[in-house]
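**Student:** Numbering (full-length UniProt numbering), first residue to last: 1 to 251. In this text, a Cβ means the ideal position worked out from N, Cα and C, and glycines have one as well. What follows is a single structure, and I will ask about it in a moment.
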């Protein structure tokens, strides 16, 4: 693994067994991501984007190959070690927000750091600062069902950055939002990312969002179809219609 790489995906394959059939969702994927960069993973539905993100974030394990984060092979770790890595080094932003319905906006943002035993007042102050930064200073004590989708995702962004993760994974972060709200969330995501120096990996269907990243990795049928930096050459995203079989049988 290159010394400036934070993430190294090494010949990763992911296969699911369904009855007598084996489905290979990812087939021998390899790439490195440099520290402090932004990378979009794109491709048609079923191309393996979200599966790949889950493997990179240690939410799932590859069938073969390995994932190395900050020099640690997370795909081989025991669950308690993995939990520790996720709590300390990784942040998440989800399409469906994933807020805890019984907690206020402020309490939702505090959760990741409270788990690490940081003093309550310190966590509370940082959470208030982040919520103010994302435009929710007046909504600290509102519950998720009292917030709009855009406001919930703002809470999600504040929560993702509160523990200063080394790497942040965002799965369709604007997928459930209208275009104007989505653009606001994108701007906030990149602003927070620049300030924190976090490495950012985004799964998205949104071409404009992808092109804001330093690099675009395009998947097709579980393999890397194209790996470019915007400006090198204009990436042509494979359309839903042009890809017949996104999940192919294992050989």
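Using the C-alpha atoms, what's the distance from residue 45 back to residue 220?
**Tutor:** Spanning the two alpha carbons is a distance of roughly 9 angstroms.
**Student:** In whole angstroms, what is the alpha-carbon distance linking residue 173 and residue 20?
**Tutor:** The alpha-carbon atoms of residue 173 and residue 20 are separated by roughly 36 angstroms.
**Student:** For residue 127 versus residue 160, is the C-beta distance shorter than 8 angstroms?
**Tutor:** No, the pair does not count as a contact, with Cβ atoms beyond the cut-off.
**Student:** Smallest Cα separation from residue 87: which of 141, 138, 164?
**Tutor:** Residue 87 has its Cα closest to that of 164, out of 141, 138, 164.
**Student:** Going by the C-beta, is residue 203 closer than 7 angstroms to any heavy atom of the ligand PLP?
**Tutor:** The ligand PLP is not among the ligands present in this structure, which contains no ligands whatsoever.
**Student:** Tell me, which residues are paired with residue 73 by DSSP?
**Tutor:** Partner(s): 68.
**Student:** Identify whether residue 179 lies in helix, strand or coil by the three-state DSSP scheme.
**Tutor:** Of the three classes helix, strand and coil, the one that applies to residue 179 here is helix, per DSSP.
**Student:** Please look up how many angstroms separate the CB atoms of residue 198 and residue 171, rounded, as I've assumed it's under 8 angstroms.
**Tutor:** Going by Cβ atoms, the distance from residue 198 to residue 171 rounds to 16 angstroms, so no, they are not a contact pair.
**Student:** Are residue 27 and residue 195 touching if we call contact CB-CB under 8 angstroms?
**Tutor:** No, the pair does not count as a contact, with Cβ atoms beyond the cut-off.
**Student:** Tell me, please, which residues DSSP counts as bridged to residue 12.
**Tutor:** 29.
**Student:** Which stretch, first to last residue, makes up the beta strand (DSSP E) that contains residue 215?
**Tutor:** Here the beta strand (DSSP E) through residue 215 covers 215 to 220.
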